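What follows is one structure encoded as structure tokens, with my remarks underneath.
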């Protein structure tokens with residue numbers, strides 16, 4: 030009996046000692062710098078991932094940095110940033126032989142609207158007009174070109190495209206009459222429509238290409254797959270949150286873009302169906318982007334979607350999340 034009591038006492042002391050030990054420090058989140066082109070709904074997924082804590086949950090401390098696409102690609106190659114949320118730029122860069130790959134997409138088709146001053150009644154009327162866009166070479170630019178072609182206009186000859194930058198700047202330039210038309214996403218497209226300006230076309234009706242998503246360098250893919258998957262898992266969680274939690278998403282939109290609740294809800298309703306469900310890159314949409322480059326003789330005709338996209342990382346991230 031005494032022996033049993035001694036063992037019990039020794040075991041109790043051992044457990045007390047173990048419990049008294051300091052808890053191991055939590056793994057410090059990895060820092061990652063990610064470029065976005067504008068403060069717009071095109072980048073709603075990284076905004077949700079940051080504002081709702083999904084990046085931190087996956088062990089990544091992400092800094093979102095606004096850059097023009099050409100500057101972002103240069104910064105990615107120099108190591109000044111780690112990722113770009115510019116899938117179109119990633120695809121074109123890879124197709125031209127740069128050591129970059131597209132790895133995910135968050136939007137299946139661009140949700141821009143072509144909005145004009147009141148004297149214009151159709152897209153065809155824009156012949157000779159000045160049109161404000163975000164940047165040359167970005168998805169906004171490509172969507173504008175493809176939509177104009179659908180209406181029989183040559184984007185090189187029939188209109189003047191002006192790269193203005195952030196969507197708020199595009200909105201302001203239009204309001205002061207610097208441009209005769211603009212190509213904008215919500216919330217600014219909704220605001221202009223409310224103010225009575227005609228919406229001549231919605232690009233989603235004419236263009237199906239991956240709009241927003243992650244790209245990074247081949248070096249990072251080889252050396253730091255674990256970090257990449259942290260970001261991917263966070264953004265896949267953000268995609269699920271976007272669909273499953275409309276109220277929470279509207280709150281992110283309202284705060285991010287400093288808008289009233291009604292406009293935020295309208296913006297959400299306009300864009301929600303354009304978002305991917307799983308982050309996978311649609312190769313048929315990539316092929317459309319590549320064909321545009323081939324038609325302009327900017328890349329070799331032999332480039333294929335699988336040469337510019339690394340699909341393996343999203344598949345691994347989905348498997349680790351328990352999704353399909």
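In our numbering, the protein residues as written are 30 to 353.
Beta carbons are placed, not taken as given, at the ideal position from N, Cα and C, and that holds for glycine.
All values reported here derive from a predicted model rather than from experimental measurement.
In this structure, residue 292 keeps its C-beta atom at 8 Å or more from the C-beta atom of residue 77.
In the DSSP secondary-structure assignment, residue 145 is bridged to 210. For residue 277, the uninterrupted alpha helix (DSSP H) run begins and ends at 275-285, by DSSP.
Residue state for residue 236 is assigned as coil, using DSSP reduced to three classes. Three or more beta-carbon pairs drawn from the region 115-134 and the region 241-257 are found closer than 8 Å, and the two stretches are therefore classed as touching.
Taking the Cβ atoms as the reference, residue 181 lies roughly 28 Å from residue 98, outside the contact range of under 8 Å. Residue environment: residue 75 is assigned as buried (16 or more neighbouring CB atoms within 10 Å of its CB, all protein chains considered). Taking C-alpha positions only, residue 109 is separated from residue 273 by approximately 35 Å. For residue 193 against residue 213, the beta-carbon gap comes to about 10 Å, at or over 8 Å, which does not count as contact. Along the length of the region 166-231, whole beta strand (DSSP E) runs at least 3 residues long occupy 189-192, 210-213 and 228-231, reported in chain order. Excluding its 5 nearest sequence neighbours in each direction, residue 82 has no C-beta neighbour in its own chain below 7 Å.
Residue range 129-131 is occupied by the beta strand (DSSP E) that includes residue 130. Rounded to whole angstroms, the gap between the alpha carbons of residue 140 and residue 58 is 34 Å.
Taking the Cα positions, residue 309 is about 24 Å away from residue 231. Shortest Cα-Cα distance from residue 267 to any of 197, 138 and 86 involves 86. CA-to-CA, the gap between residue 159 and residue 348 works out to about 48 Å.
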